[in-house]
Each structure stands twice: as C-alpha cells, then as structure tokens.
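Notes follow once the structure below has been shown.
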Amino acid sequence: MSIKVARKESASKFLGLVVNKTVFLTAIAVIILTVTFTLIFEEQADYYFGMAQTFVSAHGGWIYTLAVNLFIVFCLYMAFSKFGKIRIGGHKAKPEFSLWAWFAMLFSAGIGNGLVLFSIADPVRDFLNPPRLAGQDPALIAQEAINFSFLHHGIHGWAIYSVVGLSLAYFTFNRKMPLTLRSAFYPLLGNRIHGWMGDLIDIMAVITTLFGLATTIGFGVGQINSGLTHVFGIPSSLFYQVIIILGVTLAATISAFSGVNRGVQMLSKLNVRVASTIFLLVLILGPTTFIFKSYIQNIGSYLVHFIDMSTWTESLQGTDWQKTRTIMYWGWWISWSPFVGTFIARISKGRTIKEFVLCVLILPALVTFLWFSAFGGTTMRDILLGDTAMIAAVNDNISTALYVFFDKFPLAMLLKVLGVILICSFIITSADSGALVVDSITSGGKLKTPRYQRVIWAVAIGVIASVLMYGGGLNALQTVVTISGLPFAILLVIMCFSLYRGMSEDYDKAERKEKLLERESYRKNILNLVNKEREEKNLKKIDPDKAPDKKPTITDL
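For the sequence shown, our numbering begins at 36 and goes up steadily by one.
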C-alpha cells in the first residue's frame, strides 16, 4: 500500500547548506539563547526549572501515566489488527538492512549508555528509597526495585519510540512524504503542515534532540572518565572530561560522514557484540544459575504487577517519589522520541507493521530485562547477603558503580576495559545517529544531503556538551528536557490518531481498488464466455459438422 501525497518543497540553499531556513535558524537561535541563559544564570535556571519540574510532576504526571499506557495499547492494536500485514514502503518493498543489523542499530540508538549506567544504580537507589514498601521485608523491597527498573527501562519507553518510528516510517515510505515529524500529522492538518504549524513541530524536535543528546553525552563522559580512572589511573577531572567529549565528537563526526550504511551500522554491531561479550563473561564468571532464575522470576513479577505499577500515580500516598523517577523517565523517553523515532523510521523500510512493533516494542525490552537481571539482580542478591560495597559506590558516584561491580569478578580488568569501550561506542552511536536525524529534519526531510551538513550537527552536539560541561548548567538543561516531554506526550497522542486515520484512509482506498479490480476481472470473464458461446453458435450455423463438443455455457454456470 503506497500512496504518493503532493508535497511542498521546504528546503532551499542557504550558505551552501540545503535546509529549511525557518527551522534551521530558529532552532539555532533558541539553542544559543538557552545555553547562554543556563551558563550566565545557572543558579536561577536551576531554581526556576526545578519549580517547573515540580509543577509538571504534581499536575501533569497523570498525563504522562495515561499517555505511555495508551501508546502500548495502540502499538499492539496496530500489530494484531488488519493493519499488521501492511508493509512499510509498499507490498513490494524489501528491507534495506538484515534483521540483525536493523535490531543492532535501533537498540543502540534507543537505549544508549543508559543500559550500562542505570542497570545497577536504579535498583540500588530504589532499594534505599522504596516507592511503596518502606519498612517491609528487604527481599520484597529488592524485588520491587527490580520491577520498577523494568518499568522505567522496558516496554513503556519502547512504545513511545514505536509510535514515532512507525508514524514517520509509514508517511515517509508509504505516502512518499518528507522524513520529518510534521509529516505524521498530515491526515489531521493537511497542507498546513507545510506552514508555521509544521515548522513549529520540527523546531521542537530539533531542540529537544540536540539538548537531549548533549546532556546525555555530558553525563556519559563522567562514566567514561571513571572507567579510565579505574583502568589507567587517569584522574577524574573537568579537563579530561572535555577531552573525552572532543574525542567522542571526532569519532561521531567520522561516523556521521560515512552515513547509515557504514558508520552507524558498524558501530551498532560493535555495541551489541561488546555488550554480549560482557554479559557472557558476567554470566559465566558470576552466579550463572541465579541470573537465569532471577530473569524468569523478575519477568514474572513484572508482569504480575504490570498494570498496578503502570497506572500508579501516588494519589493516596501524597509522596513525590515519582518526580525524580517515573515522571522523569517518561519525560526523558518522550524527549528522545523525535530523535530515536526518526532514526528507527529511517532504517525500517521493508518491514511489516507487525514485525516492526514486535521487534521495536518487545525484543529490546527482553534484552534489557536480561541485562538488568544479571547486573541489578546480582547486586540486589549481594546486598541482601550483607555486601554494602555497591550501596557505597552508588551513593558516592553512580558513574563508578559498574567498575566496582566488576571488581568482584575474575578478569576484572578485562571487564572494565570492555565497559569503557561499550560506553564510548554507545555515546558515539547516539551522537552520529542524532546528527543524521537533525540533518534530516532541518533539511526538510531529505534522506540524502551533503555529507558536511551531518558533520556540522555532530560537531554542534559536542560543542554544546563541552560548553555546558565546562561552564555548568547540565543539570538545569536536563530538567528542561524532561519538562519538554509533557507537551510532546500530548503531541504523540494526537500522532496516534493521525496515523490511525491515515492508515484507515489508505486501507479503505486499497480495499475499494481491489474490489473494483475483482469486479472488472469478473466482468471480463463473463464477456469472454458470452463471446465464446456466440462464436460456437455462429460456427454451428455455418457448418454443423465442425461444431466443437458441447462446453459449459453461461446458463450452465
């Protein structure tokens, strides 16, 4: 099902760049002003952004909770309804990448270094500050800590990415529209997406993507620096962290210049291979049986409490635990969705909708759960047995938690080196795929642009991260990113309606076309039978001896 929609060309030449000038210049101006404000008025920014976060959590948290659950229901409906068989790009479309390469890229872009940073830190923090079971059996508290880690890093987050990715993939490859967020709203807005409404949507997507990536890189280099301290004795300091950002930016620039088929794909495969090696070493050298048992138990406990945790809003407790946990994570996932969703859409041509949803929604969550069971689950077991080393590490600096965890294993130095490589590779993959996405949005949705444009955005991400790391303001900017998730959550709910309407229109058109073709085929068959019967009658009148054997007539049929 592939229907071409008339589109207005929004990109033009500007200083040698192929860009939508309104989106490009406005996004650049807002980024410069925001970074300048957070640097000059860091304390005031922290205060006012903190107040905004508290307000959003108190009065808008229920919107987040409702929205992320609706996204799961919507994705499952799309997969198992009549739409599930629709192929992205049309029924003749073939996947551009193998299943392995496709999953590696979407997983690397979607999870990033959060898999490594929070797999230990989150269960420990939620064990020390339980959401609902304070004062009860420590084993129950530990299990609930794992359950909430699964909630925050599992199906709900990937449902957010699935909504954006599926919407953009469908309208880009099936309706032949630009690969920008505005295209997903065409069924509702029509040609107005080519005006200020569409520009506003794309500007918001560019800003949240750049800030989200910059803050993630800024915090991720702390973990890299901690690893270098553990492995090589390099001091943990601002100077070395800026050097690390420059190195990451250089690597991301080279990868972005190479494009999706080379740089991003190669790094993504590296991510999965290194992560698999680390996991297998932990599995073999660590408590093997416990990890498998806890994986099964953790998934079971998560599913049993799934609806309860997913809809919990602290309405009766009167606490604010969710402000820095659940609400923060939903805002963070949503703020990353323009970037990750656009990237997943870019690489998903040729997949059926059912295949897309199951692979993007379920498979990454299962892999994440396995990793969390090995690292977070083992840590919970050690804490219950009286080992408090991980508690001290998390309280001191969560960036060091992974390396303290590795100290308990044989081949600890090898694990630490692999950990540093994995974090670097994850961050570089996020930066270069982010540069490709921002370049696509600011160029009006073009899939192919001059290579140096991607380089500009890769460098911009690194510069923003370096400036904020050096001058302060990362915490304030992270708060802004999570707050911006609320209007995006509402926008994504509207996107679901838009995608449903668009697919329904196209499906109905395809059905009507198919029925017309069937009627036309039936009419032609009837005419052929009638004409054949007439020819036989005429032949019999001319020469009865040459008349053919009796065959079924229209009356017999």
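From the three backbone atoms N, C-alpha and C, an ideal C-beta is built for every residue, glycine too. Only a predicted model underlies this, so the values are computations on that prediction, with no experimental measurement involved.
Determine which residues share a DSSP beta bridge with residue i and list them.
i: residue 521; result: According to DSSP, residue 521 bridges with nothing at all.
i: residue 387; result: 122
For residue i, count neighbouring Cβ atoms within 10 angstroms of its own Cβ and tell me buried if that reaches 16, exposed if not.
i: residue 164; result: exposed
i: residue 333; result: buried
i: residue 442; result: exposed
i: residue 7; result: Residue coverage of the chain in this structure runs from 36 to 592, which leaves residue 7 outside it and unanswerable.
i: residue 231; result: exposed
i: residue 94; result: exposed
i: residue 213; result: buried
i: residue 41; result: For residue 41, the pLDDT reaches just 47, beneath the cut-off of 50, and the residue's location in the model is therefore unreliable, leaving the point undetermined.
i: residue 166; result: buried
i: residue 418; result: buried
i: residue 331; result: exposed
i: residue 422; result: exposed
i: residue 284; result: buried
i: residue 502; result: buried
i: residue 82; result: exposed
i: residue 429; result: buried
i: residue 386; result: buried
i: residue 148; result: buried
i: residue 89; result: exposed
i: residue 109; result: buried
i: residue 361; result: buried
i: residue 565; result: exposed
i: residue 448; result: exposed
i: residue 298; result: buried
i: residue 357; result: buried
i: residue 71; result: exposed
Once the 5 residues before and after residue i are set aside, which same chain residues still bring their CB inside 6 Å of it?
i: residue 388; result: 113, 118, 119 and 121
i: residue 601; result: Absent from the structure is residue 601, since the part of the chain shown begins at 36 and ends at 592.
i: residue 287; result: 463, 466, 467 and 493
i: residue 407; result: 154 and 184
i: residue 59; result: 477
i: residue 369; result: 195, 520, 523 and 524
i: residue 187; result: 364
i: residue 179; result: 168
i: residue 192; result: 368
Suppose the cutoff is 7 Å on Cβ atoms and the five residues either side in sequence are ignored; what does the same chain contact list for residue i look like?
i: residue 573; result: none
i: residue 57; result: 234
i: residue 52; result: 488
i: residue 271; result: 260, 261 and 264
i: residue 305; result: 460
i: residue 277; result: 501, 504 and 505
i: residue 450; result: 313, 316, 441 and 444
i: residue 340; result: 182
i: residue 438; result: 261, 262, 265, 451 and 454
Leaving aside the five residues before and after residue i along the sequence, list all residues of the same chain whose C-beta is less than 8 Å from its C-beta, in chain order.
i: residue 190; result: 107, 396, 397 and 400
i: residue 530; result: 198, 199, 202, 219 and 220
i: residue 302; result: 143, 290, 460, 463, 464 and 467
i: residue 590; result: Because residue 590 carries a pLDDT of 43, less than 50, the predicted location of this residue cannot be relied on, and the following value inherits that uncertainty. None.
i: residue 372; result: 195, 196, 198, 199, 523 and 527
i: residue 312; result: 453
i: residue 346; result: 100 and 104
i: residue 592; result: Note that residue 592 has pLDDT 40, beneath the 50 cutoff, so the model's placement of it is unreliable and no number is given.
i: residue 300; result: 132, 136, 139 and 140
i: residue 516; result: 243, 246, 247, 250, 366, 367 and 370
Under 8 Å by Cβ, that's how I've got residue i and residue j pegged, so tell me the actual separation to the nearest angstrom.
i: residue 245; j: residue 490; result: Incorrect: roughly 15 Å between the Cβ atoms, too far for contact.
i: residue 411; j: residue 172; result: Not really, about 18 Å apart at Cβ, beyond 8 Å.
i: residue 414; j: residue 159; result: 6 Å
i: residue 99; j: residue 366; result: 7 Å
i: residue 253; j: residue 86; result: No, residue 253 and residue 86 are not in contact; Cβ-Cβ is about 23 Å, not under 8 Å.
i: residue 457; j: residue 309; result: 5 Å
i: residue 176; j: residue 168; result: 5 Å
i: residue 500; j: residue 280; result: 5 Å
i: residue 374; j: residue 480; result: About 15 Å; that fails the 8 Å criterion.
i: residue 394; j: residue 138; result: 6 Å
i: residue 436; j: residue 238; result: Wrong, their Cβ atoms sit about 37 Å apart, outside the cutoff.
When you measure from the CB of residue i to every non-hydrogen atom of the ligand GTP, does any distance come out below 6 Å?
i: residue 262; result: Absent from the structure shown: the ligand GTP. Ligands present: none.
Practice task
Would you list, in sequence order, the uninterrupted alpha helix (DSSP H) runs of no fewer than 4 residues that lie entirely inside the region 58–139?
Solution key: Restricted to the region 58–139, the alpha helix (DSSP H) segments that are unbroken, complete and at least 4 residues in length are 77–115, listed in chain order.
Exercise for the section: Taking only runs that begin and end inside the region 223–267, name each unbroken alpha helix (DSSP H) of 4 or more residues, in chain order. Expected result: Correct list: 231–267.
Exercise for the section: Give, in chain order, every unbroken run of the alpha helix (DSSP H) that is at least 4 residues long and sits entirely within the region 169–193. Expected result: Here the runs fully enclosed are 173–188.
Handout entry: Minimum length 3: unbroken beta strand (DSSP E) runs contained in the region 517–565
Key = For the beta strand (DSSP E) assignment, the region 517–565 encloses no uninterrupted run of at least 3 residues.
Problem - Whole alpha helix (DSSP H) elements within the region 306–345, 4-residue minimum - result: Within the region 306–345, the complete alpha helix (DSSP H) runs of at least 4 residues are 323–339 and 341–345.
Exercise for the section: Can you check the region 402–451 for any alpha helix (DSSP H) of at least 4 residues that lies completely inside it and give the ranges in chain order? Expected result: Every alpha helix (DSSP H) of 4 residues or more that sits fully in the region 402–451 is shown, in chain order, as 413–419, 424–431 and 436–441.
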